[in-house]
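Yeah, the sequence shown ends on 539 if you go by our numbering, and it's all consecutive. The C-beta atom is built at its ideal place from N, Cα and C for all residues, glycine as well.
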Amino acid sequence: MRRLTTLAIALLAALAVAPAAGASNPLTAFTLVVPTSTAASGLQARAILPTGARCPALSVTTEVDGVRADRLIAMNARRPSPRTGSAFASLFVCQAGLPAHAVRASVGATTIPAALPDKIERIALLGDTGCRLKKGDPTQVCSSTAKWPLARVASSIARAKPDVIMHIGDYFYRELACPSDMTARCGGTPAPVPGKSFKDTDYSWLADAIVPLSPLFSVAPIVMTRGNHEACFRGGNGWYLFFDPNPRSARHCEPNAKGEVPDAVSKTWTQDFALGNGRTLHIAVVDSAYGNDGEVSSWKEREDPLYAAAANQSKAAPGRESWLLTHRPIFGITQWYPDGGGDPYWSWVAADQTAAALPHLDPFSMIVSSHIHVAQANQLPGMPGQLVVGNGGVLLETFTGFEIPAVGPLRNQDGSSMLPGTKLPGNATSTWSDLRFGWVMATPGVNAGEWTLSQRNPNGNEFARCQLATRQLSCG
Ligand SMILES: [Fe+2]
Ligand SMILES: [Fe+2]
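As structure tokens, this is what we get:
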């Protein structure tokens, strides 16, 4: 086993657990929202344990017609691939579907959310939460909760007591060892294992995601969405070990015999949340870990079936309103520099996703994305509102004064189409961006399809408010 770094020991201490051999108390545990094919209740318990422990039982109390019953449910292991070598040798994960009618659930001494409420009234949305360490990029101050506020974001979400939490991806940013001249910023960051074709390790996931997100774990079930930072060549092995909702996916990013990781993509999945008054929020979660942002590439073909599945599984139904959750925005605005130099210009993100999703957006009233490190809301004619929640902790974008690009999505700078022969959407009718850290609390309005989206800072105070109605999103 690798030597424990000081940070690793501090991380284990933060989770209040000593790693005793054979112990069955988890380091931490949480409840994932999963497809009904994984668990009939739509919820799965996950526990993270030190290697050498056994999977504990999931202890559940159910209540049917006023009669309570206690039961123990065996958990099974998600083990990292041996081909990841020492990268994940210190931890493994246990999982078990939660039964319907659960009123209490725990793994060892750790209580986890047992069920979704009959009526969802508050949904917390966050994304882009890791601390940025990347070659050629400025290094974020991971040691400061002012400069990397994820722990404060998570605590303020926990205090606001959402019924469900949705993370829209990009958890893992610690892609290299802390530079030797920057120990005050990121000292102790666990380094990638040298020579591997991926960047993540068990302890870097603890540092970047699991410890700072842990205030959320006892509060509500969590929808986890994969970001491009969880592509297999970056943080994908940890993503599939810890957070992916598929019960058999722990080795999807397993390196081959030559040590090369695949470009593994997850299937689209959906889930429903009861809102009361006959309303149901339906979400379709699409994996947009891969693809080009600025031009249409061969990735469009691989993304096509994922968005087609999202639409097929989200057909109109009485009382249903549907959101598309995909890390890369379909209609996001960012700044590009032209090839060969010149002034930056405003443009659309993310071309492969936009091209693949375009024929499949009719069922959706809102698209929830992250990826651009800003709070943003864009509206295009005839399209679902596009919300971006990329301000959850990672270094924010440095450009300001966001504007509607000169031309609509999927057009080159000169206005020509990237997809000749395809009807493209018109340009945006409104855009709104804010470069403050934070998260969003979504609450359903009085009428079907209406939502209030409260933009909160890391202390939980509202700094702006957006409204969604009849697929139109506006903020102020
Ligand atoms: Fe990101
Ligand atoms: Fe991203």
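> What residues in its chain sit with their C-beta under 8 Å from that of residue 297, if we drop five residues either side in the sequence?
Replying inline: Once the five neighbours on either side are set aside, the close Cβ partners of residue 297 are 235, 238, 261, 262, 263 and 291.
>> Could you tell me the alpha carbon to alpha carbon distance between residue 85 and residue 117, rounded to whole angstroms?
In response: Reliability fails at residue 85, whose pLDDT of 45 lies under 50, so the model's placement of it is uncertain and the value that follows must be treated cautiously. The straight-line gap from Cα to Cα measures roughly 6 Å.
>> Just list the residues that DSSP pairs residue 515 with in beta bridges.
In response: In DSSP, residue 515 forms a bridge with 506 and 530.
> By Cβ distance, which residues of its chain are closer than 8 Å to residue 104, with the 5 residues on each side in sequence left out?
Replying inline: 160, 161, 162, 163, 165 and 178
>> When you measure from the CB of residue 457 to every non-hydrogen atom of ligand 1, does any distance come out below 7 Å?
In response: yes
> For residue 46, is the classification buried or exposed, using 16 other Cβ atoms within 10 angstroms of its Cβ as the cut-off for buried?
Replying inline: There is simply no residue 46 to check, as the chain begins at 64 and stops at 539 in what is shown.
> Apart from the five residues just before and just after residue 174, which ones in its own chain have a Cβ nearer than 8 Å to its Cβ?
Replying inline: 167, 168 and 281
>> Between which residues of its own chain and residue 245 is the CB-CB distance below 8 Å, once the five residues before and five after are set aside?
In response: Cβ neighbours of residue 245 beyond the five flanking positions: 202.
>> I'd like to confirm the pairing. Which residues does DSSP put opposite residue 427 in its beta bridges?
In response: 385
> Is any heavy atom in ligand 2 found nearer than 7 Å to the beta carbon of residue 433?
Replying inline: Result yes, Cβ under 7 Å from ligand 2.
> From 300, 382, 333 and 362, pick the residue whose C-alpha is nearest to that of residue 340; which is it?
Replying inline: 382
>> Please give me, in chain order, every unbroken run of the beta strand (DSSP E) with length at least 3 that falls completely inside the segment 252-309.
In response: 285-287
>> Tell me the rounded alpha-carbon separation between residue 305 and residue 143.
In response: Answer to the nearest angstrom: the Cα atoms are 10 Å apart.
> Cα separation between residue 429 and residue 312?
Replying inline: 28 Å
>> Quick check: what's the CA-CA separation for residue 378 versus residue 364?
In response: 22 Å
>> Is it the case that the segment 519-533 contacts the segment 463-474, given that we only count it when at least three CB pairs across the two stretches are under 8 Å?
In response: no
> Among residues of its own chain, excluding the 5 on either side of residue 423, which ones have a beta-carbon nearer than 8 Å to its beta-carbon?
Replying inline: 370, 371, 373 and 374
> By DSSP, does residue 113 sit in helix, in strand, or in coil?
Replying inline: strand
> Are the beta-carbon atoms of residue 285 and residue 230 separated by less than 8 Å?
Replying inline: yes
> What residue ranges within the segment 147-207 form continuous beta strand (DSSP E) runs of no fewer than 3 residues, ordered along the chain?
Replying inline: 154-160, 165-170, 173-175 and 186-189
>> Check for me: the beta strand (DSSP E) holding residue 323 runs from which residue to which?
In response: Unbroken run through residue 323: none, as it is neither H nor E.
> What's the C-alpha gap between residue 417 and residue 385?
Replying inline: 18 Å
>> Taking 5 Å as the limit, name every residue whose beta carbon sits nearer than that to some heavy atom of ligand 1, in sequence order.
In response: 191 and 233
> Do you know offhand how far residue 199's Cα is from residue 436's?
Replying inline: 17 Å
> How many Å lie between residue 447 and residue 488 at the Cα?
Replying inline: Distance between the alpha carbons of residue 447 and residue 488 is about 11 Å.
> What do you reckon, are the CB atoms on residue 402 and residue 355 nearer than 8 Å?
Replying inline: Contact flag unset, no.
> Of all the options 475, 193, 130 and 295, which has the alpha carbon lying nearest to the alpha carbon of residue 357?
Replying inline: Among 475, 193, 130 and 295, the Cα nearest to that of residue 357 belongs to 475.
> Do you know offhand how far residue 361's Cα is from residue 325's?
Replying inline: So the alpha carbons of these two residues sit roughly 16 Å apart.
>> On the DSSP letters alone, give me the boundaries of the alpha helix (DSSP H) that residue 127 sits inside.
In response: First-last for residue 127: 120-127, but that is the beta strand (DSSP E), not the alpha helix (DSSP H).
> When the Cα atoms are used, what is the spatial distance from residue 266 to residue 194?
Replying inline: Cα to Cα, residue 266 sits roughly 14 Å from residue 194.
> Which partner residues of residue 404 appear in the DSSP bridge assignment?
Replying inline: Note: residue 404 sits in no beta bridge, so no partner.
>> Between the alpha carbons of residue 348 and residue 216, how many angstroms are there, rounded?
In response: Cα to Cα, residue 348 sits roughly 23 Å from residue 216.
> Among the residues of its own chain, which have a CB less than 7 Å from the CB of residue 293, if the five just before and after it don't count?
Replying inline: 232, 234, 235, 299, 302 and 352
>> Alpha carbons only, please: which of 336, 289, 145 and 242 is nearest the one belonging to residue 320?
In response: 145
> Which partner residues of residue 448 appear in the DSSP bridge assignment?
Replying inline: 429
>> Pull the bridge partners of residue 237 from the DSSP assignment, please.
In response: The partner list for residue 237 (beta bridge, DSSP) reads 196.
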